[in-house]
Amino acid sequence: MPTSSGRADPFNPWLEAHRDTVAYQAASWLGLAVFLPVLRLFLNRFVLKRFARQCLAGGPQHPGQKLSQRQQLESKFCESLWKALVHGSTLCIGIYAVYNEPWLWDKSYFWRDWPHQHFSPRLLFLYKAYFASYASGLLMLVAWDTRRNDFWAMLLHHTATVVLVALSYYLGFLRVGSMIMLLHDPSDIILEVTKMLNYAEWELSSTVMFVVFMLSWFLTRLVYFPFWIVWSTSFEVEAVLGFKPHLYTLFNGLLVTLVVLHIYWFGIICKIALQKVLHGKDMADVREAEQ
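Under this note's numbering, the first residue of the sequence shown is numbered 191, with each subsequent residue one higher.
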């Protein structure tokens with residue numbers, strides 16, 4: 191219920207009803223987040239490197255290429271392959287979780303009956319998987335992945351995403367949260383596939399995939415996300431509920447932060463496209479320059 195100040199009471203009936211399982215849920219979320227880097231180590235040693243070598247062996251050979259450069263290329267390929275697998279997995283889980291839900295088509299259902307909404311086990315598992323993927327991704331970004339020029343932007347993005355997942359779970363915003371997750375994964379998958387094709391020097395394929403990636407990024411992150419999702423969290427939520435939920439400003443501020451980062455990265459995407467069109471350069475990611 192709204193308080194006299196017009197804000198919602200911080201009490202969350204759904205979270206309160208599951209208070210007995212909070213410790214278990216937190217442990218399972220963190221446990222999966224710790225497990226994913228271990229899984230990556232295993233796959234990297236026995237699967238990903240072998241696949242990378244086969245793909246890279248099919249590309250043009252450069253006699254002057256040093257062994258260290260070849261190993262670095264294999265490492266980047268494995269990194270992209272791992273990320274594509276993770277985003278592909280969370281996308282499949284997300285589709286399974288929401289494919290028959292009404293809020294997939296009508297965003298007013300994000301807020302109807304809040305905070306007394308029912309959440310299916312599939313939706314709860316999506317949250318666990320998504321939190322684990324980004325919490326572990328945050329750790330691997332700092333300690334494992336190739337350091338790129340946009341490191342601090344990526345660090346901010348991953349941190350904001352982890353906080354958003356935890357905050358939306360705490361507030362019971364799982365419906366809108368699931369849609370945010372669902373619309374981010376497709377362009378991430380296409381990006382990593384594009385990078386792998388570029389590393390293997392499959393120029394035509396990488397160019398086609400880059401165009402698809404550019405369109406998917408623009409439509410999902412610069413059109414659908416701000417004008418459908420953020421609009422709903424900014425205006426429709428109060429129209430449906432009659433008040434602004436607890437911690438509404440923090441939640442919305444994090445979403446706006448993501449929008450700003452999306453615009454920043456779209457500028458990089460456009461720079462790559464211009465280099466290709468105007469100067470005939472390859473599809474090398476301008477982020478690849480290491481610090």
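We put the beta carbon where it would ideally sit given N, CA and C, even for glycine. These numbers come from a predicted model, not from an experiment.
**Prompt:** Skipping 5 residues on each side, what residues in its chain have a beta carbon closer than 7 Å to that of L345?
**Reply:** L331
**Message:** Below 8 Å on the Cβ atoms is my contact criterion, and I expect Y299 with W293 to pass it. Report the Cβ-Cβ distance as a whole number of Å.
**Reply:** 4 Å
**Message:** Going by C-alpha to C-alpha distance, which of Y360, L313, L412 sits closest to C282?
**Reply:** L313
**Asked** With 16 other CB atoms within 10 Å as the buried threshold, where does T280 fall?
**Response** buried
**Asked** Do L440 and L357 come within 9 Å of each other at the CB atom, strictly closer than that value?
**Response** yes
**Message:** Within the continuous alpha helix (DSSP H) that includes T349, where are the two ends?
**Reply:** 341-361
**Prompt:** When the Cα atoms are used, what is the spatial distance from L361 to L468?
**Reply:** 48 Å
**Request:** Could you check how far apart the C-beta atoms of S377 and T410 are, in whole angstroms? I think they sit under 8 Å.
**Result:** 6 Å
**Asked** What runs of the alpha helix (DSSP H), each 4 residues or longer, lie entirely inside the stretch 381-461?
**Response** 393-407, 427-431
**Request:** Give the straight-line distance between the Cα atoms of L412 and L246, rounded to the nearest whole angstrom.
**Result:** 33 Å
**Message:** Going by DSSP, what residue range makes up the alpha helix (DSSP H) through R243?
**Reply:** 239-247
**Prompt:** Helix, strand or coil: which one does DSSP assign to K466?
**Reply:** helix
**Request:** Could you tell me whether the stretch 384-395 touches the stretch 261-275, where touching means 3 or more Cβ pairs closer than 8 Å?
**Result:** yes
**Asked** How many Å lie between L226 and D335 at the Cα?
**Response** 14 Å
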